[in-house]
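Participant:
Residue numbers (our numbering): 14 to 207.
1. Expressed to the nearest angstrom, what Euclidean distance is found between the alpha-carbon atoms of residue 47 and residue 95?
2. Counting beta carbon pairs with one atom in the stretch 145-157 and one in the stretch 169-178, are three or more of them shorter than 8 Å?
3. Where do the ends of the alpha helix (DSSP H) carrying residue 189 lie?
4. Please indicate yes or no: does the CB of residue 148 lie closer than 8 Å to some heavy atom of the ligand NAD?
5. Starting from residue 153, trace the beta strand (DSSP E) in both directions and tell me its first and last residue.
6. Using the Cβ count rule (16 or more neighbours within 10 Å means buried), how would you classify residue 72?
7. Report all residues from its chain with a CB closer than 6 Å to the CB of residue 26; omit the five preceding and five following residues, and keep chain order.
8. Can you tell me the Cα-Cα spacing of residue 84 and residue 69, whole angstroms?
9. To the nearest angstrom, how far is the alpha carbon of residue 52 from that of residue 37?
Listed below in structure tokens is the structure:
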């Protein structure tokens, strides 16, 4: 199935959200987002899963090649009851050290949703959020109480997003990883660890 199915419900209590997460705990094929009583359930398409896996693989190659300390958290459910928000990113990472919430969240956007993901991530205190939409990255950095769109990652300042974008779009996954590794492995570029 190439289409994504999305279900939205309003006036959902935190307790109902938590109960749904328990019910779905054995089924990782859904992504659930909650914000101020609005619940969104997404059944991702194979295309979305392929893109998110490609981004994750290439980021992990980058971390390895640049000796960047990282802790992959994948699509873990992150939530804060007191903030009335929770979500499951497509990919997520702590950079430098393990933390309760990721420093970096990656979202693949193929269809528009109704939930404001940046509002949810702000409540979770996620430092950077990257959206992959229309074959390019949009990067947002949390500054105080709002996200600001930036041109390059501040968490990974030496990562060439144009290069990463090129290899995310490479149709051959094995070739993409090999070529990306060559491109970043031969330089003196080192990422800073937060």
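Yeah, the Cβ is synthetic: ideal placement off N, Cα and C, and Gly gets one too.
Facilitator: The structure says:
1. 12 Å
2. yes
3. 186-198
4. Annotation note on the ligand NAD: not contained in the displayed structure, which lists no ligands.
5. 149-156
6. With 16 or more other Cβ atoms within 10 Å, it is buried.
7. Same-chain partners within the cutoff: there are none.
8. Straight-line Cα distance between these residues: approximately 12 Å.
9. Approximately 14 Å between the Cα atoms of the pair.
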